[in-house]
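**Q** Using my numbering, you'd call the opening residue of the sequence shown number 5 and step up by one each time.
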Amino acid sequence: FTGKPVDGYVANRIVGTMALCAALARAQEKAASLGFGLLLWDGYRPQRAVTAFLR
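Pasting the structure below:
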């Protein structure tokens, strides 16, 4: 929505807790058994990105 890269995002990764990762793995397995997959669009937002959005 900004039309340009946002400060703070340096890799195509989402940061989460081990519990989140385990829950996502279970959800992915269930989705796959039904012929679906998961696509994560958002996760932890670096403070530099929040600051850029506020500008």
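Just so it is clear, CB atoms sit at the ideal spot from N, CA and C, and this is done for glycine as well.
#1: Would A31 and L42 qualify as a contact pair, given that the criterion is a beta-carbon distance under 8 Å?
#2: Would you give the residue range spanned by the alpha helix (DSSP H) that G57 belongs to?
#3: Taking 8 Å as the limit between beta carbons, can you name the residues of its chain near Y13, skipping five residues before and five after?
#4: In chain order, what residues of the same chain lie with their CB nearer than 8 Å to the CB of A35, ignoring the 5 residues before and after it?
**A** Looking at the atomic coordinates:
#1: In this structure, A31 sits near L42, with a CB-CB distance shorter than 8 Å.
#2: Looking at the sequence provided, one finds Phe at residue 57 rather than Gly. Unbroken alpha helix (DSSP H) run through F57: 51-58.
#3: Contacts found: P50, A53.
#4: These residues qualify, in order along the chain: G41, L42.
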